[in-house]
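Be aware that the sequence shown starts at 3, since it is given in this note's numbering, and climbs by one per residue.
Even glycine gets a Cβ: it sits at the ideal position worked out from N, Cα and C.
Keep in mind it's a predicted model, so treat the numbers as computed, not measured.
See structure below.
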Amino acid sequence: MKPEISIEMASRVKSLPPYLFATIDKMKQEAKAKGVDVIDMSIGDPDLPTPEHIVKAMKLAVEKPEHHRYPSYEGMLSFREAVSAWYKSRFSVELDPKTEVLSLIGSKEGIGHIPLAFVEPGDVVLVPSPGYPVYPVSTLFAGGESYIMPLTEDNHFLPDFSAIPEDVLKRARLMFINYPNNPTSACAPREFYEDVIRIALKYNIIVCHDAAYSEIYYDGKKPLSFMEIDGAKEVGIEFHSLSKTYNMTGWRIGFAVGNSKVIAGLGKIKSNLDSGVFQAVQEASIVALETDDKILSDIRNIYQERRDVLYSGLTGLGMIVTKPEASFYLWAKVPKGYDSASFVAHLLENAGVLGTPGNGFGAPGEGYIRFALTVSAERMKEAVERIRKIL
Ligand SMILES: *Cc1c(COP(=O)(O)O)cnc(C)c1O
Numbered sequence: 003m004k005p006e007i008s009i010e011m012a013s014r015v016k017s018l019p020p021y022l023f024a025t026i027d028k029m030k031q032e033a034k035a036k037g038v039d040v041i042d043m044s045i046g047d048p049d050l051p052t053p054e055h056i057v058k059a060m061k062l063a064v065e066k067p068e069h070h071r072y073p074s075y076e077g078m079l080s081f082r083e084a085v086s087a088w089y090k091s092r093f094s095v096e097l098d099p100k101t102e103v104l105s106l107i108g109s110k111e112g113i114g115h116i117p118l119a120f121v122e123p124g125d126v127v128l129v130p131s132p133g134y135p136v137y138p139v140s141t142l143f144a145g146g147e148s149y150i151m152p153l154t155e156d157n158h159f160l161p162d163f164s165a166i167p168e169d170v171l172k173r174a175r176l177m178f179i180n181y182p183n184n185p186t187s188a189c190a191p192r193e194f195y196e197d198v199i200r201i202a203l204k205y206n207i208i209v210c211h212d213a214a215y216s217e218i219y220y221d222g223k224k225p226l227s228f229m230e231i232d233g234a235k236e237v238g239i240e241f242h243s244l245s246k247t248y249n250m251t252g253w254r255i256g257f258a259v260g261n262s263k264v265i266a267g268l269g270k271i272k273s274n275l276d277s278g279v280f281q282a283v284q285e286a287s288i289v290a291l292e293t294d295d296k297i298l299s300d301i302r303n304i305y306q307e308r309r310d311v312l313y314s315g316l317t318g319l320g321m322i323v324t325k326p327e328a329s330f331y332l333w334a335k336v337p338k339g340y341d342s343a344s345f346v347a348h349l350l351e352n353a354g355v356l357g358t359p360g361n362g363f364g365a366p367g368e369g370y371i372r373f374a375l376t377v378s379a380e381r382m383k384e385a386v387e388r389i390r391k392i393l
């Protein structure tokens with residue numbers, strides 16, 4: 003036998019929880035191998051294509067040799083200007099494209115890197131749970147300690163700041179919040195953001211608001227941007243993404259806006275780790291940000307029809323479901339006699355319907371299942387019929 007070295011993962015990797023969607027994918031593959039026609043509502047990845055005018059802009063942009071070279075890590079000024087113009091027209095928020103806007107290789111990249119800029123080993127990061135798994139993981143990678151803020155139905159899936167001990171708030175450097183929320187689909191009112199700003203100022207906490215779903219909303223009720231609230235720019239930043247709004251998850255582009263010092267800190271990490279977003283993608287994204295609202299409202303109407311089908315279908319079966327005001331998720335209580343994992347397994351094995359177990363987003367998600375509205379209304383009706391037969 004050849005001599006070999008012993009390969010040990012670093013403790014930060016060993017302490018990672020198993021990646022949620024890897025486990026689900028394995029279950030799905032096993033069901034498919036048995037010949038089950040799986041209706042997959044587990045992953046939040048839009049099934050609709052990127053609008054045609056954006057794809058066209060990309061085709062033109064890719065032909066330009068100047069885009070074939072290294073981009074700048076902070077993004078083309080023209081892209082950052084387009085972001086600033088979009089914030090002005092959508093939220094009436096003024097942003098300096100030079101200092102208050104930063105391009106990202108998807109917002110996941112920025113969320114993954116931000117604690118490296120501001121969190122010292124042992125510092126606390128306030129993390130909502132159930133929530134996007136990257137918040138606690140990026141905290142862990144920076145040596146920080148996640149303090150879980152449970153999102154419960156009783157509190158409209160908003161964190162209860164009065165439940166956080168004073169000494170934790172004093173040690174907190176950073177707070178993640180996310181509305182419209184994944185996975186609960188809740189939106190946050192203005193007063194909530196005002197509370198966030200008050201706490202951030204009192205305890206010196208950097209606020210990172212994840213607004214990936216701000217454009218996927220229903221019944222014409224537009225979600226707020228954190229940046230619209232007086233004082234937000236003094237305490238933090240907002241992460242945004244083209245992924246969900248324009249069905250561009252595969253393109254890898256997002257951005258962060260807000261406090262110039264926080265933006266500069268994140269930029270410092272990025273300039274040492276990556277070399278920015280392919281400029282052709284940035285150029286196509288400028289066109290995306292100028293998309294006619296008719297196209298976006300058509301997309302929203304498709305999700306709204308699906309939401310209505312699934313919401314009324316599951317409620318009709320006696321399930322307790324939160325009606326989404328925004329985002330493309332449906333957060334439902336599992337029926338009596340099940341926990342998250344056993345209900346997900348029951349649905350997959352007996353109905354060929356796949357959802358995500360709520361506890362995969364953190365312990366406070368136990369007792370729930372998340373369905374993504376990323377299959378057609380027809381398939382969704384079929385899913386409801388199949389579930390009817392096994393409940
Ligand atoms: C999808 C998602 C993102 C990441 O999107 P990118 O494709 O990386 O821009 C960020 N936050 C939440 C809550 C998401 O669901």
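- Annotated three-state conformation of F373 is strand, per DSSP.
- Nearest in C-alpha terms to A213, of all of V311, Q281, G133, N157, is G133.
- Taking the CA atoms as reference points, P152 sits about 20 angstroms from F228.
- Annotated three-state conformation of T52 is coil, per DSSP.
- Its Cα nearest to that of F194, the residue F159 stands out among V264, F159, I113, A174.
- Rounded to the nearest angstrom, the Cβ distance from V126 to V170 is 6 angstroms, consistent with a contact under 8 angstroms.
- Between the region 262–277 and the region 60–77 there are three or more inter-stretch CB-CB distances shorter than 8 angstroms, so the stretches are counted as touching.
- The Cβ atoms of L128 and M177 lie closer than 7 angstroms to each other.
- Around the beta carbon of Y21, fewer than 16 other beta carbons lie within 10 angstroms, which makes this residue exposed.
- At a threshold of 6 angstroms, G267 does not count as near ligand 1, since its beta carbon sits no closer than that to any of the ligand's heavy atoms.
- Excluding residues up to 5 positions away in sequence, P182, N184, K246, A328, S329 lie with their Cβ nearer than 7 angstroms to the Cβ of Y215 in the same chain.
- Under DSSP, the beta-bridge partners assigned to D42 are L356.
- In the three-state DSSP reduction, R71 falls in the coil class, being neither helix nor strand.
- With respect to the 7 angstroms criterion, N274 and P48 are not classified as neighbours on the basis of their beta carbons.
- In the three-state reduction of the DSSP assignment, I239 falls in the strand class.
- Here the distance from the Cβ of D212 to the nearest heavy atom of ligand 1 is below 6 angstroms.
- The criterion of a C-beta distance shorter than 7 angstroms is not satisfied by V64 and R82.
- Secondary structure note for H115: its alpha helix (DSSP H) is the uninterrupted segment 109–120.
- Within the region 251–292, the complete beta strand (DSSP E) segments at least 3 residues long are 256–260, listed from N- to C-terminus.
- Your pair D42 and K30 checks out as a contact, with CB atoms roughly 6 angstroms apart and the cut at 8 angstroms.
- Nearest in C-alpha terms to S140, of all of R14, W88, S105, G46, is R14.
- Excluding five sequence positions before and after V323, the CB atoms of its chain that fall closer than 7 angstroms to its own CB belong to Y313, L316, T317, L332, A334, given in chain order.
- For S109, the distance from the CB to the nearest heavy atom of ligand 1 is below 6 angstroms.
- The C-beta distance from A385 to V355 rounds to 5 angstroms, short enough to meet the 8 angstroms contact threshold.
- Under the DSSP assignment, E147 falls in the beta strand (DSSP E) whose first and last residues are 147–152.
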